[in-house]
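Visitor: Residue 1 is where the sequence shown starts when you use full-length UniProt numbering, and the numbers rise one by one after that.
Positions of the beta carbon are idealized from the N, C-alpha and C atoms, including for glycine.
Predicted model only: the values in this text are computed from it and were never measured.
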Amino acid sequence: MSDNSSNSSNAPIINKELEKGDDSNVLKPISTSSSVVSFKHLEQTPPETNESSSMGKQSSSTEREIQIEDRSTKSKEQQEKSLQTELTENLEAFYKLLENISKPLDELETLINSTFSSSNATTESLADIKSFFNKSVDEVLLNDAWLSKFRKAAALLLDKTSILGKNKCDLLKNFNVDLDREVNRLRTLVEKNKKRAELFKNRSKYVEALDTYKTALQPCRDEIQMMASKHEEMKKNLREYEMIMIQKMPPFQRVYSQQSSIDTEISGLRENEQLLQQENQEIDSLRREPSISWSGLIAAFYI
């Protein structure tokens, strides 16, 4: 044990001397002690014996120095390897720590951003919904851009009972469920309005045509009545007046010959009036449901 510790303590010195490349310096400490021992033996032994003994000791000392050098080199390599391993492990631990810190931090940032984004979106959606209530149901649901905006706003608010309350959420859900049906109704209403406008236009044409016939018939009727009255009054001049009546018949017949056209126009007017009445009833029915739902929503949001 003492020999090993002595060798370990001498290792740095020997390594430094070896690095200088001077073998005489490495061997010098041991050679000095060997010279002292050899000097003592020279006093007791013949010259040849002392010389051989000195050479044996010098050889033994050189072997020990080589062993010490080998152990020192191996120790240094082991230390370097150990340091490199420790450095690698520490670097891996460092980057693992960075990953462990970054992961929850990223999750927190995502959660916070999502929370703020959701809150802002809810506030904007509520403002959008209320802004639509200043318009009629026709304006909102028949405008593609507004309808899309209403759908998105409603979708974000359907489950926000903490903000709207259960009653408003339920009303909004019900209206949203029937939204496509209401849109179809209003679109049908638009088409019906167009058709009704066309029917009104046709009615005006029919009335104008009939007014023309009326203008033509009215004086004829008045004159016939007057002449009939005179016929009653003027019995004694019957024949003369009958001749006058016969003379007046051809123009009257020409006017009356238009009766078939009048009947056609009357039939067209009646059919037009029936269609107009039917359209009015359907339009009133189509408008009633959306208007009731819309009024309910407005009342719910402002009460």
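1. Using the C-alpha atoms, what's the distance from T88 back to L164?
2. What do you get for L172, buried or exposed, if any count of 16 or more other CB atoms within 10 angstroms of its CB means buried?
3. Per DSSP, what kind of secondary structure is Q78 in: helix, strand or coil?
4. For Q247, which of helix, strand or coil comes out of DSSP?
5. As a quick exercise: from E233, L217, S136, K192, pick the residue whose alpha carbon is nearest that of S293.
6. Take the Cβ of P290 as the centre, count every other Cβ of all protein chains shown within 10 Å, and call the residue buried at 16 or more, exposed below.
7. Would you kindly report the start and end of the unbroken alpha helix (DSSP H) that includes D284?
8. Taking 8 Å as the threshold, find out whether the stretch 197-212 comes into contact with the stretch 263-282 through three or more Cβ pairs.
9. From what residue to what residue does the alpha helix (DSSP H) around M227 run?
10. Roughly how far, in whole angstroms, is the beta-carbon of L142 from the beta-carbon of V190, given that I think they are within contact range, below 8 Å?
11. Three-state secondary structure (DSSP) at D159?
12. Rounded to whole angstroms, what's the CA-CA distance from K160 to S131? Just pull it up for me.
13. Near C169, which residues of its chain fall below 8 Å by C-beta distance, leaving aside the five closest residues on each side in sequence?
14. Using only the alpha-carbon positions, how far apart do L275 and E198 sit?
15. List the whole-angstrom C-beta distance separating N280 from N202, where the pair is believed to meet the contact cut-off of C-beta under 8 Å.
16. Given a cut-off of 7 Å, decide if F175 and L297 are closer than it, judged by their beta-carbon atoms.
17. If the criterion is Cβ atoms closer than 7 Å, does the pair L186 and D128 meet it?
18. Is the distance from the Cβ of M234 to the Cβ of Y241 below 7 Å?
19. Work out the CA separation of P219 and D257 for me, nearest whole Å.
20. How many angstroms separate the CA atom of E92 from the CA atom of E80?
Guide: So, from the data block:
1. Rounded to whole angstroms, the gap between the alpha carbons of L164 and T88 is 58 Å.
2. buried
3. It is helical.
4. helix
5. Checked all of E233, L217, S136, K192; the closest Cα to S293 is S136.
6. buried
7. 259-302
8. yes
9. 179-233
10. The Cβ separation is near 7 Å, so the contact holds.
11. coil
12. 18 Å
13. L157, L158, D159, K160, T161
14. Distance between L275 and E198, taken at the CA atoms: about 11 Å.
15. 15 Å between Cβ atoms; not a contact.
16. yes
17. no
18. Yes; because the gap between Cβ atoms is below 7 Å, this pair is in contact.
19. The residue asked about is misnamed: residue 257 is Ser in this sequence, not Asp. Distance between the alpha carbons of S257 and P219: 16 Å.
20. 18 Å
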